[in-house]
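Undergrad:
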Amino acid sequence: MNFIPHTQQEIKEMLSVIGVQEIKDLFLDIKDELKPKSFNLPDGLTEYEVEKKILKMASKNKSNLLYFTGAGYYDHFIPAAVDAISSRSEFYTAYTPYQPEASQGTLQAIFEYQTMIANLTGLDYANASLYDGATALYEAIAVAVRTNNRKKILIDKGVNPIFRKVVNTYILNLSLQIIEIELNDIFTDKEKIKSLIDDETSAVVVQNPNFFGYIDDYEDLFTFAQSKGVCPILVFYPISLGILKTPREMKAEIAVAEGQCLGMPLSFGGPYLGVLAVDKKYLRKIPGRIVGETVDKNGKKAYVLTLQAREQHIKREKATSNICSNQALCALRAVVFLSLIGRQGIKELCLLNMEKANYLKEQLNKIKSIEIKSGPFFNEFTVKLKMPAIEFVKKSLNYGFFSGFPAEIFYKDKKNYLVISVTEKRTKEEIDELVKLFEKAG
Amino acid sequence: METIFEKSVKGRKGVFFEKVSGDIKLDEKYIRKLDLKLPEVSELDVIRHFINLSKLNFSVDGEFYPLGSCTMKYNPKINEKLSSLKEFADLHPYLAFIDESKVQGAFEVIYEISSLLCEITGMEKITTQPYAGAHGELTGILLTAAYHKAKGNNKKYIIVPDSAHGTNPASAAMGGYSIISIPVDENGNMDINILKQKINDEVAGIMMTVPSTLGLFETNIKEIIDIAHKYDAVMYYDGANLNAILGKLRPGDIGFDIVHINLHKTFSTPHGGGGPGSGIVGVSKKLVDFLPVPLVEKENGIYKLNYDIKNSIGCVSSFFGNFLVVLKALIYILMLGKKGLIDVSEIAVLNANYLLSKLKDYYYVPYKRKCMHEFVVTAKNQLKNGVHAIDIAKYLIDNGVHPPTVYFPLVVEEAIMIEPTETESKQTLDEFTKIMINIAKLCEEDPEKIKNSPVKKVISRPDETKAARELKLKCDM
Amino acid sequence: MNIKQDYFYTKEHEWANLNGNIARVGITDYAQHKLGDITYVELPAIGKKVKQGEVLNGVESVKAASDVYSPLSGEVVKVNTALENDPGLINRSPYEDGWIAEIKISDENEIKNLMTANDYMKFLGE
Chain A
14 MNFIPHTQQE
24 IKEMLSVIGV
34 QEIKDLFLDI
44 KDELKPKSFN
54 LPDGLTEYEV
64 EKKILKMASK
74 NKSNLLYFTG
84 AGYYDHFIPA
94 AVDAISSRSE
104 FYTAYTPYQP
114 EASQGTLQAI
124 FEYQTMIANL
134 TGLDYANASL
144 YDGATALYEA
154 IAVAVRTNNR
164 KKILIDKGVN
174 PIFRKVVNTY
184 ILNLSLQIIE
194 IELNDIFTDK
204 EKIKSLIDDE
214 TSAVVVQNPN
224 FFGYIDDYED
234 LFTFAQSKGV
244 CPILVFYPIS
254 LGILKTPREM
264 KAEIAVAEGQ
274 CLGMPLSFGG
284 PYLGVLAVDK
294 KYLRKIPGRI
304 VGETVDKNGK
314 KAYVLTLQAR
324 EQHIKREKAT
334 SNICSNQALC
344 ALRAVVFLSL
354 IGRQGIKELC
364 LLNMEKANYL
374 KEQLNKIKSI
384 EIKSGPFFNE
394 FTVKLKMPAI
404 EFVKKSLNYG
414 FFSGFPAEIF
424 YKDKKNYLVI
434 SVTEKRTKEE
444 IDELVKLFEK
454 AG
Chain B
171 METIFEKSVK
181 GRKGVFFEKV
191 SGDIKLDEKY
201 IRKLDLKLPE
211 VSELDVIRHF
221 INLSKLNFSV
231 DGEFYPLGSC
241 TMKYNPKINE
251 KLSSLKEFAD
261 LHPYLAFIDE
271 SKVQGAFEVI
281 YEISSLLCEI
291 TGMEKITTQP
301 YAGAHGELTG
311 ILLTAAYHKA
321 KGNNKKYIIV
331 PDSAHGTNPA
341 SAAMGGYSII
351 SIPVDENGNM
361 DINILKQKIN
371 DEVAGIMMTV
381 PSTLGLFETN
391 IKEIIDIAHK
401 YDAVMYYDGA
411 NLNAILGKLR
421 PGDIGFDIVH
431 INLHKTFSTP
441 HGGGGPGSGI
451 VGVSKKLVDF
461 LPVPLVEKEN
471 GIYKLNYDIK
481 NSIGCVSSFF
491 GNFLVVLKAL
501 IYILMLGKKG
511 LIDVSEIAVL
521 NANYLLSKLK
531 DYYYVPYKRK
541 CMHEFVVTAK
551 NQLKNGVHAI
561 DIAKYLIDNG
571 VHPPTVYFPL
581 VVEEAIMIEP
591 TETESKQTLD
601 EFTKIMINIA
611 KLCEEDPEKI
621 KNSPVKKVIS
631 RPDETKAARE
641 LKLKCDM
Chain C
164 MNIKQDYFYT
174 KEHEWANLNG
184 NIARVGITDY
194 AQHKLGDITY
204 VELPAIGKKV
214 KQGEVLNGVE
224 SVKAASDVYS
234 PLSGEVVKVN
244 TALENDPGLI
254 NRSPYEDGWI
264 AEIKISDENE
274 IKNLMTANDY
284 MKFLGE
């Protein structure tokens with residue numbers, strides 16, 4: 014099937030207005046030698062035939078698991094109202110808001126999103142979104158390099174390994190140097206990082222909580238970095254800022270995050286949301302769209318895309334980034350999510366996460382064969398098993414549990430380490446069932 | 171409209187959670203002291219607020235949106251229905267690294283669309299990782315750099331026509347290259363004589379959009395590709411205008427080495443107000459060994475991940491790209507099938523030429539050729555009455571039509587670029603023509619009417635200078 | 164388009180007004196008109212050394228961004244900080260209050276590479 018409304022009669026009329034006989038007369042510029050060598054595609058299907066086919070594919074996915082796996086991508090509650098708003102076609106079939114009079118809805122929603130991200134992080138400004146946390150980290154590093162013209166970047170290994178992999182890919186043809194700092198077991202070694210900061214260092218990047226779930230205070234490290242003219246970049250977990258010390262309070266100058274937890278379903282990897290917030294001194298160097306408030310010719314409050322002179326359609330090869338389409342609809346989901354959760358709700362959400370994660374930790378503590386890594390955490394912590402963690406996780410899939418993230422996947426020397434997350438969605442019964450699985454394996 | 175913050179009432183809640191004991195044992199030094207200013211509103215407050223905001227938007231579902239270079243075609247609703255199935259939406263990407271047997275459906279989606287798009291574009295292999303067109307361009311640039319590094323080539327430049335979309339030079343620069351820009355000739359083609367002068371052994375690649383951003387077929391394209399390959403320069407196809415040539419030309423067949431496809435343009439996935447899109451990249455045999463990992467392959471009917479890409483550049487996204495967007499595009503391709511896809515280009519090009527024929531007596535046409543799926547006219551004839559392209563755009567808003575693209579491409583002054591797409595009916599096109607002809611008349615008889623528009627919308631002619639000089643980028647608290 | 168008789172001009176629409184070995188520089192009325200309302204001026208650093216024709220600094224408007232090229236070689240000794248809060252000065256007074264920087268010139272001979280007011284008028288007419 015197709016979505017073309019034309020009848021044969023209409024096509025004939027249109028051809029005659031144009032002054033040609035047939036449609037192929039409109040393609041004469043494409044000479045025979047350029048024609049396709051093949052175009053072997055299947056015949057089209059009706060809507061209900063496609064639905065059947067896709068449903069069959071869907072049935073081959075196991076999504077109805079109890080998720081105790083986070084490691085950057087979490088199974089958080091998404092209120093139904095988020096879908097209700099983002100499925101409004103006035104939002105999702107709209108274009109980029111270049112014509113402000115035709116897009117005040119999108120523009121105001123993004124403006125409110127920018128405000129909430131700035132408030133969440135304590136930093137001055139946020140942009141309208143980037144693709145995901147990993148690419149946002151690269152863009153943050155690019156801002157630092159653009160500002161201080163130095164070439165060395167220090168990234169702690171407690172930063173999500175996927176982020177680090179993407180950053181290393183992005184720089185393959187640039188003369189930047191990435192130095193990754195080894196962890197102390199699974200904890201960030203602040204002294205080691207400090208010792209590596211010199212006056213060729215452009216930026217230092219740490220994550221809080223780190224990939225293994227552990228919280229630390231980086232204020233001293235960042236203050237030291239600032240004294241050396243180094244840009245402190247913090248990778249954060251958006252929901253956790255309902256309770257945790259903010260990037261601003263830690264003296265971070267740029268903060269980035271994977272915003273998936275703010276109302277995006279797990280989606281097998283995307284669409285997600287790249288969050289970027291900065292201290293005001295970097296404003297003119299940041300990538301991506303920014304919405305600003307102004308007045309119209311009658312003095313009425315109006316929203317517009319602003320500071321466009323940074324962007325590709327104006328500065329071309331001198332732009333702060335090549336980004337054009339971003340994740341606007343995901344930013345909309347995030348602003349709806351944060352509006353619903355609200356000021357009180359986010360604190361409650363954090364406490365609930367911490368309480369449930371703590372409950373699991375205490376139950377696991379009773380199992381002799383499990384070593385629980387000790388340290389302050391938010392909703393995620395690491396245990397060391399007596400067997401390779403990936404085997405345990407594979408087995409527990411068959412019981413309906415995705416029981417954690419085996420660190421070995423990214424950290425080859427940590428075969429028995431399992432990173433377990435507990436969100437508000439996990440009930441006491443589910444947690445108790447998981448504990449039984451651990452007991453059985455032990 | 172008030173902001174959501176202005177609707178806050180202390181103590182109001184939008185979501186209710188289970189009771190917490192509130193007894194967390196976390197050291198003070200880890201805890202936030204800064205006040206967290208988020209709204210305090212009810213669920214109804216939130217719904218009303220955003221529903222009322224949505225009413226202020228134009229959208230394809232509501233209005234004709236002839237934005238040149240954006241391909242604002244209809245977004246089928248079945249795409250939305252099926253991509254929200256929990257077996258896709260609630261699937262954790264890490265499952266793919268633990269037990270591939272649990273995600274065979276998702277792998278099938280990626281594998282199927284990859285095969286279909288290879289056949290549609292004539293490319294050898296596909297990665298679904300890039301999140302948008304520009305991201306695909308950057309991926310292509312990184313692939314190009316990796317290819318040249320592996321061969322020990324010393325390459326510094328990327329060539330683009332000066333009609334190129336800004337993302338082309340921006341992506342090349344992000345990837346570490348400098349730009350050589352080639353002007354467009356009087357027929358709207360990249361000037362092949364100047365290309366021959368400027369190309370040399372230090373050129374890493376040439377980025378082309380076919381048809382060009384002027385909506386015109388690049389008649390010298392075969393020769394351009396041959397020249398590039400003589401200097402071992404990689405040919406990059408910017409797929410923004412793929413809607414014009416489905417089934418009529420395959421970039422891989424004529425020698426392009428890298429292709430990016432904007433799923434949110436040609437393959438009907440929604441624009442979302444600025445994303446999420448998808449910029450899937452396809453490569454020729456020459457570049458297969460450099461693709462980002464992992465790829466999805468099929469062996470004995472089972473789908474698996476392949477990390478064994480000899481010289482892979484690494485990863486450009488966290489997992490498999492914007493997977494749910496990719497799924498929507500697959501649904502669309504399966505529905506249209508071979509004939510449906512060929513019809514897309516034929517009717518897209520028919521619609522554009524029809525509009526061009528009807529408007530050319532009223533608006534100046536810079537290139538006197540048959541257009542493809544979009545065309546450029548200018549406000550040249552209207553300037554004498556003091557009316558600019560932007561004024562025409564604003565007047566269209568008052569008439570319930572989203573304006574075409576204005577002031578792009580940069581090579582044409584007062585450009586108005588119109589792309590109707592194939593999903594718009596003859597009636598819609600005739601309506602649009604009537605409005606445009608009326609505008610041309612009004613420019614002669616009553617230009618002030620055009621210059622003062624829009625008057626029917628909630629705002630009119632916002633002061634963008636003030637917005638950039640007196641930065642206000644978040645709500646007052 | 165306005166032109167100042169005793170200034171010197173470049174093909175890129177910058178002007179230089181000499182006072183001994185100090186050249187005050189800015190962009191012409193034509194340039195500010197083309198750019199539209201200027202929203203930001205990235206002032207060059209004091210002490211920055213430039214060559215004739217090299218990028219001195221950048222200016223941005225709502226819809227455009229442009230490099231300003233130095234009309235003469237030398238060292239930046241003063242910048243017009245008023246432009247930080249009022250970039251529109253360039254639009255309102257491109258040849259006076261909207262000056263961008265003062266350069267201590269290193270080679271007087273370079274002046275002959277610049278256009279006089281009459282040459283620039285002719286150049287604009289083309």
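Protein chains in written order, with my numbering: chain A, 14 to 455; chain B, 171 to 647; chain C, 164 to 289. Where is the CB? At the ideal position from N, CA and C, for every residue including glycine.
1. Any idea what DSSP makes of B/Pro421, helix, strand or coil?
2. Check whether the Cβ atoms of B/Ala340 and A/Arg329 lie closer than 8 Å to each other.
3. Under the DSSP definition of a beta bridge, which residues are partnered with C/Glu223?
4. Can you pull the chain A neighbours of B/Pro339, defined as C-beta to C-beta under 7 Å?
5. In its own chain, which residues sit with a C-beta less than 7 Å from the C-beta of A/Phe200, not counting the 5 before and 5 after it?
6. Work out the CA separation of B/Ala334 and A/Lys170 for me, nearest whole Å.
7. Should C/Ser224 be flagged as near chain A, meaning a C-beta pair shorter than 8 Å?
8. Quick check on the DSSP output: the beta strand (DSSP E) that includes B/Phe545 runs from which residue to which?
9. Considering just the uninterrupted stretch of the beta strand (DSSP E) at A/Ser434, what are its terminal residues?
10. How would you write the range of the beta strand (DSSP E) that A/Ala322 sits in, first residue to last?
11. Could you give the distance in angstroms between the alpha-carbon of A/Ala373 and the alpha-carbon of A/Ser215?
12. Would you say the segment 77-89 of chain A touches the segment 262-281 of chain B, given that touching needs at least three Cβ pairs under 8 Å?
13. For the segment 131-141 of chain A against the segment 280-296 of chain A, are there 3 or more C-beta pairs whose distance is under 8 Å?
14. Work out the CA separation of B/Tyr534 and B/Ile424 for me, nearest whole Å.
15. Hey, is B/Gly425 close to the ligand MG, as in C-beta under 7 Å from one of its heavy atoms?
16. Listed in chain order, which residues of the segment 257-271 of chain C have Cβ atoms closer than 9 Å to some Cβ of chain B?
17. One question on the structure: do A/Leu150 and A/Val248 come within less than 8 Å of each other, judged by their Cβ atoms?
18. Check whether the Cβ of A/Arg297 lies closer than 8 Å to any Cβ atom in chain C.
19. At the 8 Å Cβ level, is C/Asp200 part of the contact set with chain B, yes or no?
20. Which whole-angstrom value describes the C-beta separation of B/Phe437 and B/Ala499, a residue pair presumed to lie in contact below a C-beta threshold of 8 Å?
21. Going by DSSP, name the residue or residues bridged to A/Lys397.
22. Suppose contacts are defined by Cβ-Cβ distances below 8 Å. Is B/Leu461 in contact with A/Asn186 by that definition?
23. Within 10 Å of its beta-carbon, does B/Ile268 have 16 or more other beta-carbons around it, so buried, or fewer, so exposed?
24. Using a threshold of 8 Å, state whether the C-beta atoms of A/Gly135 and A/Pro251 are closer than that.
25. Name the residue from B/Glu584, B/Met360 and B/Lys392 whose alpha carbon lies nearest to the alpha carbon of A/Leu47.
26. Nearest to A/Met27 by alpha carbon, out of B/Ser595, B/Arg631 and B/Ser623?
27. For A/Gln220, which residues does DSSP report across the bridge?
28. Could you tell me how far apart the beta carbons of A/Leu364 and A/Ile354 are, in whole angstroms, since I believe they sit closer than 8 Å?
29. At a CB-CB cut-off below 9 Å, which residues of chain A make contact with C/Tyr203?
30. Give me the chain C residues within the contact set of B/Thr635, using Cβ-Cβ distance strictly less than 9 Å, ordered along the chain.
31. Any C-beta of chain B sitting closer than 8 Å to the C-beta of A/Met400?
32. Please list the residues of the segment 360-394 of chain A that have a C-beta atom closer than 7 Å to any C-beta atom in chain B, keeping them in chain order.
33. Mind listing the chain A neighbours of C/Ala228? Cutoff is C-beta to C-beta under 7 Å, in chain order.
34. Which value, in whole angstroms, describes the spacing of the CA atoms of A/Phe224 and B/Lys243?
35. With 16 other CB atoms within 10 Å as the buried threshold, where does B/Glu426 fall?
36. So, does the CB of A/Thr82 fall closer than 8 Å to a CB anywhere in chain B?
TA: Straight from the coordinates:
1. Taking the second sequence and counting its residues from 1, one reaches residue 421 of chain B at position 251. Three-state DSSP puts B/Pro421 in a helix.
2. Taking the second sequence and counting its residues from 1, the one referred to as residue 340 of chain B is at position 170. Taking the first sequence and counting its residues from 1, the one referred to as residue 329 of chain A is at position 316. Yes; because the gap between Cβ atoms is below 8 Å, this pair is in contact.
3. Stepping through the third sequence from its first residue, residue 223 of chain C is reached at position 60. Answer is C/Tyr203 and C/Ala228.
4. Taking the second sequence and counting its residues from 1, one reaches residue 339 of chain B at position 169. Ordered by position in chain A, the residues that pass the 7 Å Cβ test against B/Pro339 are Arg329 and Glu330.
5. Counting from one through the first sequence, the residue named residue 200 of chain A turns up at place 187. Answer for A/Phe200: Tyr227 and Gly388, listed in chain order.
6. Counted from its first residue, the first sequence places residue 170 of chain A at position 157. Counted from its first residue, the second sequence places residue 334 of chain B at position 164. The straight-line gap from Cα to Cα measures roughly 40 Å.
7. For the purposes of this step, residue 224 of chain C is taken as residue 61 along the third sequence, with counting starting at 1. It does; some Cβ of chain A falls within 8 Å.
8. One-based indexing of the second sequence puts residue 545 of chain B at position 375. Unbroken beta strand (DSSP E) run through B/Phe545: Phe545 to Thr548.
9. Numbered from 1 along the first sequence, position 421 holds the residue referred to as residue 434 of chain A. Counting along the chain, the beta strand (DSSP E) containing A/Ser434 begins and ends at Tyr430 to Ser434.
10. Here residue 322 of chain A refers to the residue found at position 309 when the first sequence is read from its first residue. From DSSP, A/Ala322 is part of no beta strand (DSSP E); its letter is neither H nor E.
11. The sequence position of residue 373 of chain A within the first sequence is 360, counting from 1. The sequence position of residue 215 of chain A within the first sequence is 202, counting from 1. What sits at residue 373 of chain A in the sequence shown is Leu, not Ala. Spanning the two alpha carbons is a distance of roughly 41 Å.
12. yes
13. yes
14. Looking up residue 424 of chain B in the second sequence gives position 254. Looking up residue 534 of chain B in the second sequence gives position 364. One C-alpha to the other measures close to 33 Å.
15. As presented, the structure is devoid of all ligands, the ligand MG included, so that no description of it is given.
16. none
17. Position 137 of the first sequence, counted from the first residue, corresponds to residue 150 of chain A. Position 235 of the first sequence, counted from the first residue, corresponds to residue 248 of chain A. In this structure, A/Val248 lies closer than 8 Å to A/Leu150 by Cβ.
18. As a working note, residue 297 of chain A is residue 284 in the first sequence. Yes, its Cβ sits closer than 8 Å to a Cβ of chain C.
19. Residue 200 of chain C sits at position 37 when you count from the first residue of the third sequence. Yes, contact with chain B.
20. Along the second sequence, read from residue 1 onward, the residue named residue 437 of chain B stands at position 267. Along the second sequence, read from residue 1 onward, the residue named residue 499 of chain B stands at position 329. Correct: roughly 4 Å between the Cβ atoms.
21. Locating residue 397 of chain A in the first sequence gives position 384, counting from the first residue. The partner list for A/Lys397 (beta bridge, DSSP) reads A/Glu384 and A/Tyr430.
22. Looking up residue 461 of chain B in the second sequence gives position 291. Looking up residue 186 of chain A in the first sequence gives position 173. Not closer than 8 Å, so no.
23. For the purposes of this step, residue 268 of chain B is taken as residue 98 along the second sequence, with counting starting at 1. B/Ile268 is buried by the Cβ-count criterion.
24. Sequence index remark: in the first sequence, residue 135 of chain A carries index 122 (1-based). Sequence index remark: in the first sequence, residue 251 of chain A carries index 238 (1-based). Their beta carbons are not under 8 Å apart, which means A/Gly135 does not touch A/Pro251 by this criterion.
25. Residue mapping note: residue 47 of chain A aligns to position 34 of the first sequence, counting from 1. Out of B/Glu584, B/Met360 and B/Lys392, B/Lys392 has the C-alpha closest to the C-alpha of A/Leu47.
26. By 1-based counting over the first sequence, the position of residue 27 of chain A is 14. When only C-alpha atoms are compared, the closest one is B/Ser595.
27. Walking along the first sequence from the start, residue 220 of chain A turns up at place 207. Paired residue(s): A/Val248.
28. Here residue 364 of chain A is taken as the residue at index 351 of the first sequence, counted from 1. Here residue 354 of chain A is taken as the residue at index 341 of the first sequence, counted from 1. A/Leu364 to A/Ile354, Cβ: 13 Å. No contact.
29. Counting from one through the third sequence, the residue named residue 203 of chain C turns up at place 40. Arg297, Leu320 and Ala322, listed in chain order.
30. What you label residue 635 of chain B is simply residue 465 of the second sequence in a count that begins at 1. The contacting residues are Gly199, Asp200, Ile201, Thr202, Ser224, Val225 and Gly251.
31. On the first sequence, residue 400 of chain A is found 387 positions in, with the first residue counted as 1. By this cut-off, A/Met400 is not an interface position.
32. Glu361, Leu362, Leu364, Leu365, Met367, Glu368 and Pro389
33. Position 65 of the third sequence, counted from the start, is the residue given in the question as residue 228 of chain C. Those are Ala322, Ile327 and Lys328, listed as they occur along chain A.
34. The residue given as residue 224 of chain A occupies position 211 in the first sequence. The residue given as residue 243 of chain B occupies position 73 in the second sequence. Distance between the alpha carbons of A/Phe224 and B/Lys243: 42 Å.
35. Taking the second sequence and counting its residues from 1, the one referred to as residue 426 of chain B is at position 256. It is worth fixing the name first, because residue 426 of chain B is Phe in this sequence and not Glu. It counts as buried.
36. Here residue 82 of chain A is taken as the residue at index 69 of the first sequence, counted from 1. So yes, A/Thr82 belongs to the interface.
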